[in-house]
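*Asks:* Numbering (the UniProt record's numbering), first residue to last: 4 to 757. C-beta: ideal position from N, C-alpha, C; glycine also. As the structure is a computational prediction, the values presented were derived from the model and not from experiment.
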Ligand code: HDD
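#1: Could you compute how far the alpha carbon of residue 493 sits from the alpha carbon of residue 353?
#2: Give the DSSP bridge partners of residue 708, in chain order.
#3: Going by Cα to Cα distance, which pick from 735, 260, 140 is closest to residue 705?
#4: Please list the segments of the alpha helix (DSSP H) lying wholly inside the segment 273 to 348, counting only runs of 4 or more residues, in order along the chain.
#5: Is the number of C-beta pairs between the segment 292 to 302 and the segment 246 to 253 that are closer than 8 angstroms three or more?
#6: Would residue 192 be called buried (16 or more neighbouring beta carbons within 10 Å of its own) or exposed?
#7: Can you tell me the Cα-Cα spacing of residue 697 and residue 309, whole angstroms?
#8: Indicate, with yes or no, if the ligand HDD has a heavy atom lying under 6 angstroms from the CB of residue 208.
#9: Does the beta-carbon of residue 91 have 16 or more other beta-carbons within 10 angstroms, so that it is buried, or is it exposed?
#10: Can you tell me whether residue 517 is buried or exposed, with buried defined as 16 or more other CB within 10 angstroms of its CB?
#11: Apply the 10 Å Cβ neighbour rule to residue 444 and answer buried if 16 or more other Cβ atoms are within range, or exposed otherwise.
#12: Pull up the distance between the alpha-carbon of residue 113 and that of residue 170, whole angstroms please.
#13: Can you round the beta-carbon distance between residue 237 and residue 531 to whole angstroms, since I take them to be within the 8 angstroms contact cut?
#14: Can you tell me whether residue 1 is buried or exposed, with buried defined as 16 or more other CB within 10 angstroms of its CB?
#15: Buried or exposed: residue 573, going by 16 or more other Cβ atoms within 10 Å of its Cβ?
#16: Across the segment 411 to 420 and the segment 170 to 186, are there enough close Cβ pairs to call them in contact, namely three or more that are closer than 8 angstroms?
#17: Determine the contact status of residue 201 and residue 235, defining contact as a CB-CB distance below 7 angstroms.
#18: Could you give the first and the last residue of the continuous beta strand (DSSP E) run that contains residue 629?
#19: Roughly how many whole angstroms lie between the Cα atoms of residue 664 and residue 136?
#20: If we ignore side chains and look at the alpha-carbon of each, how far apart do residue 320 and residue 628 end up?
#21: Using a threshold of 6 angstroms, is the CB atom of residue 124 nearer than that to any non-hydrogen atom of the ligand HDD?
#22: If you follow the beta strand (DSSP E) that residue 135 is part of, which residue opens it and which one closes it?
#23: So, is residue 228 buried or exposed, given that buried needs 16 or more other C-beta atoms within 10 angstroms?
#24: Bridge partners of residue 597, per DSSP?
#25: Confirm, please, whether the CB-CB distance from residue 289 to residue 150 is below 7 angstroms.
#26: Consider the Cβ of residue 379: report whether some Cβ of chain B lies at a distance smaller than 7 angstroms.
#27: What I want to know is whether the C-beta of residue 203 ends up closer than 6 angstroms to one or more non-hydrogen atoms of the ligand HEM.
#28: Sort 315, 637, 427 by Cα distance to residue 450 and report the nearest one.
#29: Which partner residues does residue 163 have in the DSSP bridge list?
#30: Quick one: grab the DSSP three-state call for residue 379.
#31: Where do the N-terminal and C-terminal ends of the alpha helix (DSSP H) with residue 187 fall, by residue?
#32: Can you grab the Cα-Cα spacing for the pair residue 514 / residue 553, in whole Å?
#33: Hey, residue 123 and residue 85 are a contact pair by Cβ (cut 8 angstroms); roughly how many whole angstroms apart?
#34: Is the beta carbon of residue 403 less than 7 angstroms from the beta carbon of residue 153?
#35: Identify which residue in 356, 337, 334, 333 has its Cα closest to the Cα of residue 343.
#36: What is the DSSP secondary structure of residue 397, counted as helix, strand or coil?
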């Protein structure tokens, strides 16, 4: 059975006809809970632990097994204890000399409790601080076996994974839907050790050499004096840097495009960015680029919507991911590779494969699927898993090797180094989320937070005292052996190769590959970002960069800024577009799409029931919106309002349906004059008008039946506009709306340049 449909059923069961459900049930969560009046008087067993990663065995000196069960140790037994396992009889009052007397220094419980609390926070990641993670499984198709000996890529091998998605610039508490690149980091717990694919949702990077990373990050982070703005690039220092440092042009263009504001983590591509080297059992090598392709397609928000969401639901992406997994709509990605012959010059069709600002168009090197990843389990504890997970591009397994991309070289140093500050010492691989599933037998010893109690006396080689153990392995025993690639001869220099000098041909290819709507979005994004800069010189310099990509792009942005468009200073590159770069034009599964169904007590409640069932059957999520929370109708036909006009906002829905005329504004709650009296009646509740106007503006499908269309006119939405469906019944409306959702948005509604 389709897991999405199964999940959708689960949601129905939890929300259907239950009058005590809260007005704002979360999709996929059991809504109604028995009212809690008091704490339970009897102790209960703690919640059963969720299955956790296995890891290197550790043994307590008293012989108690710990290791894989360690996570459980923190929460066992029914009674509250201190950190030493001593039971406590009171944790609510400090020890005092009499009820009104001074607190005593001898209160060791107070001291321990506050001490631990004082140290609960760890430094956030210097970049990619805000993220959300999920567990899952990767199943290999075996199609990569001819090019790599990696065991986890053999046919039908299943490997547990943990994925962390992130924004780059914002701090841990910033909002999800800012314009930014998204991180897409995957940890494969393979039987030959951990492999980390630490990628982004954009296939190129700002810089060609890791030595520039502090520069680009300092430029993108908030201004050092005021720490403004948070989590976004729309400010002077960022544009100052990228306009002077033109190798950033391709990446900047990508994230000024729609990929900078994804609709969902579930609808993003992922890229390894660098070229990697795969090695097969015979020692043959192939250069590859890794791609994650989402089953749901690549989809984005529109900018106005993204900005609204930052205020309305700053957790939009992490909520979307967690809700989807909780309800059983497991997101899936196919892993694919583009393959290139490992020639001495390491180029393909004239494209330098060591330059991470380059893509190789999929039309020239198709992405070949090699396995499927399914994310099916939310973390049990955000801090222990999502926050403490430590990725590293140097976590490689036999069969996967690196190339001499200078950006990758710097990363190979940085990712281990940063964990020392972030996780407080060199033993972070022992944290449960980071533990390999392969047996670990290293000779690394001691250090901060050492949790293993190592046995033996000879953590050195060669030794005789531990019988010569552990032994090194050979290639036939899964040892990791670096590919003996010939290193180019030359002198030590601080230089880039000549082939890294073209900064405009690939951006031009990207621009030419965009549809008219996507181009309009890009022009809008540049105009917004540069409009936020104070320095005119930065705007003018950026226009010069844009002129070197394309005159239409430059003219569009110049017009919005009220500046004149300069002439290009380089010949415009003669490049073929790559249609695979455009997000528009295909049709995609509608799984997990959220349908807002607006109704009122006198609306077509039977119709809502039928539509809701059909939405669930299609694997989508229905949310019933009514003037207030509570129950609509009675008896078997009763409906629970999951959103009220107060809590609903268009950005939560992919499509909006009107089942009967919504309540009239003057009688609706919340529409009052200054003294609390109902205001004069208006044709439809203004909140419904706002919701419809936003949905229309954002290119979302809108449907109406049973008189619901009266609200369209009041909201200024033409009933005959593209993507507005008025029909006799809810099911007829839904059928057409579902077809519209397949293309993600009603693209005809967006204006484009002639
Ligand atoms: Fe990086 C984190 C992706 C270049 C240094 N990076 C980080 C994360 C992702 C990426 C997804 C978050 C991992 C997580 O969820 O914990 N980074 C990239 C990509 C790059 C890239 C795709 C270019 C192709 N990064 C890059 C360079 C450097 C770093 C050139 C330094 C020289 N990145 C780091 C870091 C971080 C990091 C400072 C911060 C937290 C962490 O590593 O664990 O070491």
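*Replies:* Reading off the structure:
#1: Distance between the alpha carbons of residue 493 and residue 353 is about 22 angstroms.
#2: 662
#3: 735
#4: Unbroken alpha helix (DSSP H) stretches of 4 residues or longer found wholly inside the segment 273 to 348: 306 to 315, 319 to 329, given in chain order.
#5: no
#6: Classification for residue 192: buried.
#7: 12 angstroms
#8: yes
#9: exposed
#10: buried
#11: exposed
#12: In a straight line, the C-alpha of residue 113 is about 38 angstroms away from that of residue 170.
#13: 6 angstroms
#14: In the structure as shown, the chain starts at 4 and stops at 757, and residue 1 therefore has no counterpart that could be examined.
#15: exposed
#16: no
#17: In this structure, residue 201 lies away from residue 235, with their beta-carbon atoms at least 7 angstroms apart.
#18: Under the DSSP assignment, residue 629 falls in the beta strand (DSSP E) whose first and last residues are 624 to 629.
#19: 41 angstroms
#20: 22 angstroms
#21: Checking every heavy atom of the ligand HDD against the Cβ of residue 124, none is found closer than 6 angstroms.
#22: 134 to 143
#23: exposed
#24: Looking at the DSSP assignment, residue 597 forms a beta bridge with 624.
#25: yes
#26: Of the protein chains in the structure, only one exists, and it is not chain B.
#27: As for the ligand HEM, it is missing from this structure, which binds only the ligand HDD.
#28: 427
#29: 140
#30: strand
#31: Careful: residue 187 lies outside any alpha helix (DSSP H), inside the beta strand (DSSP E) at 185 to 193.
#32: 8 angstroms
#33: Contact doesn't hold; Cβ gap of about 16 angstroms is too wide.
#34: Yes, Cβ-Cβ distance for residue 403 and residue 153 is below 7 angstroms.
#35: The residue among 356, 337, 334, 333 with its C-alpha nearest the C-alpha of residue 343 is 356.
#36: coil
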